[in-house]
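As numbered in numbering that gives the first Met the number 0, residues 0 to 1209 make up the sequence shown, in order. By construction, the Cβ of each residue, glycine as well, lies at the ideal position given by its N, Cα and C atoms. As the structure is a prediction and not an experimental result, all values here were calculated from the model. Notes follow the structure.
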Amino acid sequence: MRKFLVVGCGGSGAKTQAYMIDQLKALLRTIQPDRTRLPECWQFVTIDVPIAPEAGPDNLPNVQQSGGKYIGIGSRQRYSTFDTGTTSELIHNGGLKEVATWAPRVPGAITTPVSEGAGQYRALGRMLTIPAIKKIQDGLNRALDALNTTQAHIELDELNFAISGKNSHSHNTSPVILIISSMAGGAGASMFLDVCRILSTLPNAKPEHTGVFMLTPEVFSEIPPEMMVGTWPNSLAMFGEAIASQTGAAAASDAQLYEALGINGANRPITFGRMFPIGNRMGEEGAKFGDGSSTGVYRGLGRALSALMYSDQASDSFVQYSLANTGSPGANRDYLGWADPAQLKWDGIPWGSMGYAQLSMGRDKYAEYSAQRLARSAFDRLLTGHIDPTNHATGEEQLKAKLSERMPYILQELRINPEFRSTQPTGSMISGWLEANFETEITNAVSASVYWLRQALPQPSDGQQSRDWAREIEQRLGHQNISHTLATNLNNAAYAAVYEYADWLLDSVVAAAERELSVVGVPFVEAALGEINDIIQQGISVALNNAVRNAVGMNPAAKPADIDTLLHPLSGNKRVHGGGEILDAVAAAYRPQLRTYMLVALARVVHPVLEDFRVTALQRLMRELETAHVDLSEAARKKDTVSHLADVSTTDPVAWPTDTDERISDRFRGSANEILITEVDSFPIDYANQLIETVKVSDPSVFDLSQAVRLAARSVIVGKWESTDAVKALEDTLAPSIRAEVSGNRAGWVSKHLQSPPGGGEIRESSPAVFAAKIRPADLLGRARLWINRTGYHFERFISMDLRSYMTQDESVNDVEYQQRLNRLRSAFSTALSQARPLAGVNAAMVSLVHGSDVTYRYSFSEIPFQHLTAADTLSDVLNAVPHLHDQTKTVFVESLSDAKKVQRIDVFGSYPNYSPIVFSSLLPAISHDWSARMDKENAWMLRRARPLPAALPLSDDERRALVAGWILGLATGRVYVHNQGQKDARAWVFDGNEWLPFPQPMLTPPSHMRNSVDWMPAVIESILLAYAESHNKDATGKLAQSLRPYWALRGIYDDSAQHPTNSQGGIQHPAVGYIAQFLRDGVFPAGDNKVVGDGIEDRAEMITEALTRAGAVADKFVLTPSNGFPGATTAEKVWANPPSREHASNMPFYRDFAPDVLAVIRQLKAMLDQAKIVAARPPADSAPVFDAGNLNDERSSGSADFGEFGGLV
């Protein structure tokens, strides 16, 4: 992979970026499942007018929320106030002249709230951009710096190794820059060229590595027309400005404006490598992409660009072939790009194209579908597991019934008498409870005490008299040490028993709670724990306290009532016989009271421990479940869900599929250019079958889906299942599972009353129980994924199948099934090729006209793992059937074949050769249609253009100057004529030597919007944009591009050389010399009914000289540097060359933009006039034809109209 900077301009760019980020994160998660952020080597920056970024599409996070940067350039001021501040700075720095002919003429009339957007006005969008250029430069520079840190290089190299297993060294590589915007809007469509210009000033950015992706207005066809009024005029303006940037014609204006803003180095002729128009129709046939919606295109383009970024092979191909100036078929440059080929190479002018589709097994989506559906079953169980939908009782009533049904069993499991639910424990009942919990400990402790007592009693000595021994026994039994030792031993035994019991109780409660969660859900467990809390607090604790209080002063060595009876036989003088039996009986006589004492000792120890357990463990568990319940309920009520569209993952349960869904959600179907071999509609059936088979492995009695769902959901909730994987079942629903070698309990609870270990040792620190209820949606989904993906089980075998395995016939696949697989592959590949056609239509007839060839398609592929398989031949047949396929594609296909395993997807990139911009049907024909359908053409162009005319027209410097020269010379010689000048319906015409050709009517800037009569020339030349828009329309003879004929004729007055200017330096006579010489000879003035003007060569030469002088004098007023050789030229300040106020700028004639061209061509024309006089004086080889102006019999203009302040029509 390479370093990438992705810049989104305007809302369309930002939305596409959001889909890109979503897809890239999904791709990265396939190799790094825990990754949540993009690597530093991919920087995303959004630039838009709103102060704060807009929300992402489809509930996706926006770029800033995903870790990218946002640069807001809007203003909270009214536009008029903002305009005053901006133009004041430009006035101070001499830059106002660069905005004078396109900025709003009356700032106070602008009501658009510029804090939110530019209102589809490109001029407003650029005015908002201008004061933010330094801010944008700083933001982009920071992003480029972030790409080039050591850490970014290390991270990129590690990612490349993780993906390919190969080492890479990225520190010396230059980033690829992708700029995404829309042609239709006001902000992005105007600023993207400034973004390119700004990037060209930064050291780490290379224009030749910059690709610009522009969405055409057809992408927004679903939006109501009344909301899209400015989109096509904006696109027309963008068309001109983009090509002016490609030809280098925009560099001078941009450099002067940027210099006024304090930014130097903005004079590079070319600022981006290639432009890629993006529409909603594909290929020559114009088939809609998906549903044709803007959202579908954003997502499809985002998927294509993310695949480009993720694939090293694709990005290399993009840089080498799509961006680099290679691979562009030759073209007739008369249609576009007329220029000196040595100065402006053709390869830099054509536009690129991009289409993309992915052929995938689709089982990653199925895996997520399955995990979400299983997690949804667990989620529903947790929230409503106590409710039987067939029972008409209320939920509360059903909960009470479940408690009555299940609580006795739960209490018995916890060794609590179920009667405690309804009865206050009596002394005997609490004794029974103690005995139930500590029977073994009681028995052992009492037995040990009896044994100790037996050993403590005196043995009779030989010949000892019975009464003496009896007295000795009584004395020993009454000794203080006997009572103390017995009490100590029993108390210690009670402590040790409770010490162990505390851990058992907590773990038992947790285990019961986890099990009941999986069976009847959270509400039930909350109620059950509440009951247990009440039983302990109000029942057991009270009874224990009473037992302890009633036993105050109990002496375990108190003399039993039958001791005297047992010792009575020893009252005489007889010698002792059978003493052992007597001692056994005496010790045994203490057993009942020792047992009673042990019960009291247990009560004394367990009572505070139970209370501590209730407060620091049980209630903490109840609070944790209560919090989890709130979270679950909130998730169930959620309406706006957040999902990752690329890998369809989401932690919002309301978006998860359920067992009762009638149809599968469209989000699992992917974008229109994602083709799945596994049918999405088969997901539910596959899931049901595989769930049953998987559950049957551990429970063969399962036979239907409901049983399987119940058991699988339980496994997910409790986190317990069988697996041979390294990652085992978690078993930590409420607390971590405890390892055998670790003592204590699962929640780490240590009662403050049980800090000392019974056998001695380090004193423990008391600690409340810690619970983490891992039953929230993300927990459930994570466990469901683990359960689904267990190695060797039915789900995993189905999900992990790769393309090569799928298309390899072995003993498990019969002929019928294999043929079905081949058919599915054939269909999917055919669809992928279709969907990978470029996202831009072209006009085949225009391609033939301009390039002299048919439309062809090129495809490239990622790895195709079918080498030596029948599947490879199947795909080859599909590919060969594609019409207009470029020959190179077949070679690329063969080179892409491999025998690799674990490949689950094939990326397909489609494109045309790099074609001339005028052949794209996604743009110009719709502009023409929109223009012809408009009622109000006069205002349609208002605030659309956002640059001076040389930077706004699809003309090279050579062609623009040729048109200017043709206009000046045509006026002087009667070949250019304005019919009805001074009237609203005035129209310009040009004579091509055979007929008069009309320029567009109405023009983009009609006479009513001109600022002076001298604006006829710039208005006519500006309207070449309309001629280009009309170029796809056939004329009456069925020819294309005839709308450009007037401009060819105008250019031809000066230079009629085909495709490029005449190289007069090579000794070839310039066409203008011959044209002027002809006029000097015959004086035929077509605009004057072909009458002859002037009295010979010198007189006519003087007429031309006067016309050139007038034009030069007018042009000189707009140029700061005084021209050489023009009468009246002065070094005094020129207010029209450097407007001193906003008012001067508002009244600036459009002629200002062409004034430098006028001065340049006049110098050339004057030199050519001198040559022409010499040529004219020679005998002509042929007679010049005389032409009739036809029915144009109105008053003719001779080019000598009143100039007014600026000199009239020049």
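Pull the bridge partners of residue 412 from the DSSP assignment, please. Looking at the DSSP assignment, residue 412 forms no beta bridge with any residue, so it has no partner.
Identify the continuous alpha helix (DSSP H) that holds residue 625 and give its terminal residues. 618 to 636 is the extent of the alpha helix (DSSP H) around residue 625.
Report the option in 823, 1049, 478 and 704 whose CA atom is closest to the CA atom of residue 678. Closest option to residue 678, judged by alpha-carbon separation, among 823, 1049, 478 and 704: 823.
Can you list the alpha helix (DSSP H) stretches of 4 or more residues lying completely in the stretch 262 to 317, in chain order? Runs found: 293 to 309 and 311 to 316.
Since I believe residue 238 is in contact with residue 922 (beta carbons under 8 angstroms), could you give me their beta-carbon distance rounded to a whole number of angstroms? For a cut-off of 8 angstroms, the C-beta gap from residue 922 to residue 238 is around 7 angstroms, short enough to register as a contact.
Per DSSP, what kind of secondary structure is residue 1156 in: helix, strand or coil? It is helical.
Quick check on residue 133: buried or exposed, where buried means 16 or more other Cβ atoms within 10 Å of its Cβ? When all chains shown are included, residue 133 counts as exposed.
Closest to residue 364 by CA distance: which of 1023, 751 and 664 is it? Selected option, being the one with the closest Cα: 664.
Determine the extent of the alpha helix (DSSP H) in which residue 1142 is found, giving its start and end residues. Its alpha helix (DSSP H) spans residues 1141 to 1145.
Could you pull out every residue in the same chain whose Cβ sits closer than 6 angstroms to the Cβ of residue 19, ignoring the five residues on either side in sequence? Around residue 19: 301, 304 and 305.
Alpha carbon of residue 1186 to alpha carbon of residue 1095, nearest angstrom: Summary for residue 1186: the model assigns pLDDT 34, below 50, so the residue's position carries little reliability; its value from the coordinates is reported in the next sentence. Looking at the two C-alpha atoms, the distance is approximately 19 angstroms.
Which one or two residues does DSSP pair with residue 187 in a beta bridge? Answer is none; residue 187 lacks a bridge partner.
Once the 5 residues before and after residue 837 are set aside, which same chain residues still bring their CB inside 7 angstroms of it? The beta carbon of residue 837 sits closer than 7 angstroms to the beta carbons of 281, 282, 352, 353, 354, 909, 910 and 911 from its chain, once the five residues preceding and following it are set aside; these are given in chain order.
Give the list of continuous alpha helix (DSSP H) stretches no shorter than 4 residues that lie fully inside the stretch 305 to 392. Within the stretch 305 to 392, the runs of alpha helix (DSSP H) that reach at least 4 residues and sit entirely inside it are, in chain order, 311 to 316 and 362 to 383.
Mind checking residue 1120: buried by the 16 CB within 10 Å criterion, or exposed? Looking at its Cβ environment, which holds fewer than 16 other Cβ atoms inside 10 Å, residue 1120 is exposed.
Just to confirm, are residue 682 and residue 368 a CB contact at a threshold of 7 angstroms? In this structure, residue 368 lies closer than 7 angstroms to residue 682 by Cβ.
What is the rounded straight-line gap between the Cα of residue 90 and the Cα of residue 82? Distance between the alpha carbons of residue 90 and residue 82 is about 12 angstroms.
Local Cβ density within 10 Å of residue 926, reported as buried at 16 or more and exposed below that: Its Cβ being crowded by 16 or more others within 10 Å, residue 926 is buried.
Closest to residue 852 by C-alpha separation, out of 473, 1041, 884 and 170, would be which residue? Of the listed residues, the one whose Cα sits closest to residue 852 is 884.
Using only the alpha-carbon positions, how far apart do residue 977 and residue 1148 sit? In a straight line, the C-alpha of residue 977 is about 18 angstroms away from that of residue 1148.
Could you tell me which of 35, 444 and 507 sits nearest to residue 591, measuring between CA atoms? For the residues 35, 444 and 507, the minimum Cα distance to residue 591 belongs to 444.
Alpha carbon to alpha carbon, what distance is there between residue 86 and residue 1193? Bear in mind that the predicted position of residue 1193 carries a pLDDT of just 38, short of 50, making it too unreliable to give a figure here.
In the DSSP assignment, what are the bridge partners of residue 3? Beta-bridge partners assigned by DSSP to residue 3: 41 and 175.
In whole angstroms, give me the CA-to-CA distance for residue 28 and residue 309. When rounded, the distance between both Cα atoms is 12 angstroms.
Based on the DSSP output, what are the partners of residue 995 in its beta bridges? When beta bridges are read from the DSSP output, residue 995 appears opposite 990.
With residue 111 and residue 118 assumed to form a contact (beta carbons below 8 angstroms), what rounded beta-carbon distance in angstroms separates them? By a beta-carbon distance limit of 8 angstroms, residue 111 contacts residue 118. Their separation comes to about 4 angstroms.
Does the stretch 1068 to 1078 touch the stretch 1049 to 1056, meaning 3 or more C-beta pairs lie closer than 8 angstroms? The stretch 1049 to 1056 vs the stretch 1068 to 1078: in contact.
Give a yes or no on whether the C-beta atoms belonging to residue 628 and residue 521 are separated by under 7 angstroms. Going by C-beta atoms, residue 628 is nearer than 7 angstroms to residue 521.
Is it buried or exposed for residue 193, if we count other Cβ within 10 angstroms and need 16 for buried? The residue is buried, with at least 16 neighbouring Cβ atoms inside 10 Å.
Which of helix, strand or coil does DSSP assign to residue 71? In the three-state scheme derived from DSSP, where H, G and I count as helix and E and B as strand, residue 71 is classed as strand.
Since I believe residue 983 is in contact with residue 1007 (beta carbons under 8 angstroms), could you give me their beta-carbon distance rounded to a whole number of angstroms? About 6 angstroms separates the two Cβ atoms, so the contact holds.
Which residue's Cα is closest to the Cα of residue 93: 1107, 256, 21 and 164? Its Cα nearest to that of residue 93, the residue 256 stands out among 1107, 256, 21 and 164.
Which runs of the beta strand (DSSP E) at least 3 residues long sit entirely within the stretch 440 to 470? Give them in chain order. List check, beta strand (DSSP E) in window: nothing returned.
Which value, in whole angstroms, describes the spacing of the CA atoms of residue 275 and residue 661? Those two C-alpha atoms are separated by around 41 angstroms.
Distance check for residue 799 and residue 688, CA to CA, integer angstroms please. One C-alpha to the other measures close to 17 angstroms.
Could you check where the alpha helix (DSSP H) with residue 606 kicks off and where it finishes? Start and end: 590 to 612.
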